[in-house]
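Novice: Numbering (the numbering used here), first residue to last: 570 to 882.
In this text, a Cβ means the ideal position worked out from N, Cα and C, and glycines have one as well.
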Ligand SMILES: C[S@@+](CC[C@H](N)C(=O)[O-])C[C@H]1O[C@@H](n2cnc3c(N)ncnc32)[C@H](O)[C@@H]1O
């Protein structure tokens, strides 16, 4: 099997995708204990190092390196400050890239990285990856185009080692109007789950910020983006739809039971298949949502990796 090293692994959305594509993850790493617990409950065979990537001195050999370094700085939901230290963790990824020199690498990050005030950081990522000896390409992809029941847009950066003389082409959509398959809907992935899973969803008030935008999508649509912060989690389709009252002021169309997606539903909407959530001390309700919302939808990562040229031989 072709070996892969996974950095900023989280609970393993990206890894579930590459494992399905036939790779063997020889090292995974993250700083979050519950991300490690979930990962190992689902992929017990992987060596998962818990701690900061900055503490890993030597990385094992591999043909593929993947890493979705944190995105708080770029994200719509995070603090948009281009100078934050967390925005330079790509230099740690680059350190691993220079050391391992895999045939290819794949990075995923929030699409906000293409915004004007972050452009210098994106350009710097291209620069350090090109200096490491890679031909680099980036594209923003929409998860629902690849069989995920969610309108999630993310940037992918893919590099192929120069000496291979190969070119990467991002995968064409497999689902939707210009593809052979219909888009996957919310109903397709959570329609079979209990309608009111007490204890598995965040049920604090719908505060003003929550009500400042539309959080609703119907059963036969694709979900709004599954985020890491449970307060901002989209509504379950059994909730009343929302209507615009004024600028930044939305209301429920009628009185009725409204609730956010549960963490288990959020995982299914991300494209995980029956993700196991172990009961461990770190596994609070909020943390379950966090690791799921941080994840890359496995089918999307799988599509990006499967589009790599066949060069593993
Ligand atoms: C966008 S998430 C990655 C999601 C993951 N690829 C997945 O699909 O599940 C970024 C991850 O980086 C981790 N992280 C942040 N700082 C780190 C550090 N210094 N060392 C290792 N991991 C770190 C966070 O805990 C978070 O899980």
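For the structure I just gave you, are there three or more beta carbon pairs, one from the stretch 850 to 870 and one from the stretch 616 to 632, closer than 8 Å?
Specialist: No, the stretch 850 to 870 does not touch the stretch 616 to 632.
Novice: Does DSSP put residue 708 in a helix, in a strand, or in coil?
Specialist: Residue state, collapsed to three classes: strand.
Novice: In terms of residue numbering, what span does the alpha helix (DSSP H) encompassing residue 780 cover?
Specialist: Element bounds for residue 780: n/a, residue is neither H nor E.
Novice: Could you tell me the boundaries of the beta strand (DSSP E) in which residue 814 lies?
Specialist: Residues 811 to 815.
Novice: Specify the secondary structure class of residue 649 as computed by DSSP and reduced to three states.
Specialist: With a pLDDT of only 49 at residue 649, under the threshold of 50, the placement of this residue in the model should not be trusted; the figure read from the coordinates follows. Coil at residue 649, not helix or strand.
Novice: In three-state terms, what does DSSP make of residue 752?
Specialist: Three-state result, residue 752: coil.
Novice: Might you give, ordered along the chain, the residues of its own chain that have their beta carbon closer than 6 Å to the beta carbon of residue 785, omitting 5 neighbours on each side?
Specialist: Closer than 6 Å at the Cβ level, and outside the excluded window around residue 785, lie 804, 810, 811.
Novice: Can you list, in chain order, the residues of its chain whose CB lies under 8 Å from that of residue 754, leaving out five sequence neighbours each side?
Specialist: Counting only Cβ-Cβ distances below 8 Å, and skipping sequence neighbours, we find 718, 788, 789, 790, 791.
Novice: Looking at residue 851: is its Cβ nearer than 9 Å to the Cβ of residue 613?
Specialist: The answer is no: Cβ separation not under 9 Å.
Novice: Excluding the five sequence neighbours on either side, which residues of its own chain have a C-beta within less than 6 Å of the C-beta of residue 712, listed in chain order?
Specialist: Hits under 6 Å: 719, 721, 866, 869.
Novice: Where does the unbroken beta strand (DSSP E) through residue 864 begin, and where does it stop?
Specialist: Segment: none, residue 864 is in no beta strand (DSSP E) and carries neither H nor E.
Novice: List the DSSP bridge partners of residue 678.
Specialist: Note: residue 678 sits in a beta bridge opposite 724.
Novice: Using CA atoms only, rank isn't needed, just tell me which of 800, 675, 714, 765 is closest to residue 534.
Specialist: Shown here, the chain extends from 570 to 882; a query on residue 534 therefore has no answer.
Novice: Should residue 822 go down as buried or exposed, given a rule of 16 or more other Cβ atoms within 10 Å for buried?
Specialist: Counting Cβ neighbours within 10 Å, residue 822 comes out exposed, since fewer than 16 surround it.
Novice: Candidates 735, 685, 631: which alpha carbon is nearest residue 705's?
Specialist: It is 735.
Novice: Am I right that residue 833 and residue 766 are in contact with their C-beta atoms under 8 Å? What's the rounded C-beta distance?
Specialist: The pair is a contact, with the Cβ atoms about 7 Å apart (cut-off 8 Å).
Novice: Among 710, 672, 756, 682, whose alpha-carbon lies nearest the alpha-carbon of residue 701?
Specialist: Residue 672 is the option with its Cα nearest to residue 701.
Novice: Just to confirm, does residue 620 get its C-beta within under 8 Å of one of the non-hydrogen atoms of ligand 1?
Specialist: Yes, the Cβ of residue 620 comes within 8 Å of a heavy atom of ligand 1.
Novice: Around the Cβ of residue 645, are there at least 16 other Cβ atoms within 10 angstroms (buried) or fewer (exposed)?
Specialist: The predicted position of residue 645 is uncertain, since its pLDDT is 48 and thus under 50; no value can be drawn from it.
Novice: Can you give me the Cβ contacts of residue 575 inside the same chain, cut-off strictly under 6 Å, excluding the 5 residues immediately before and after it?
Specialist: Excluding residues within five positions, the ones whose Cβ falls inside 6 Å are 584, 594, 597, 635.
Novice: Here's the rule: buried if 16 or more other CB atoms are within 10 angstroms of the residue's CB, otherwise exposed. What is residue 709?
Specialist: With fewer than 16 other Cβ atoms within 10 Å, it is exposed.
Novice: Only counting the same chain, and skipping five residues up and downstream in sequence, which positions put a Cβ closer than 8 Å to that of residue 750?
Specialist: Correct list, in chain order: 716, 743, 744.
Novice: Is residue 753 near ligand 1, in the sense that its beta carbon is under 8 Å from a heavy atom of that ligand?
Specialist: No, the Cβ of residue 753 stays beyond 8 Å of every heavy atom of ligand 1.
Novice: Restricting to Cα atoms, I'd like to know which of 607, 571, 730, 638 is closest to residue 580.
Specialist: For residue 580, the nearest C-alpha among the options comes from 607.
Novice: So, using beta-carbon positions, are residue 611 and residue 845 closer together than 9 Å?
Specialist: Yes, Cβ-Cβ distance for residue 611 and residue 845 is below 9 Å.
Novice: Excluding sequence positions up to five away, which residues of its chain have a Cβ less than 6 Å from the Cβ of residue 586?
Specialist: Within the same chain, residue 586 has close Cβ partners 867, 870, 871.
Novice: Would you tell me roughly how many angstroms separate the C-alpha atoms of residue 660 and residue 796, rounded to the nearest one?
Specialist: Those two C-alpha atoms are separated by around 25 Å.
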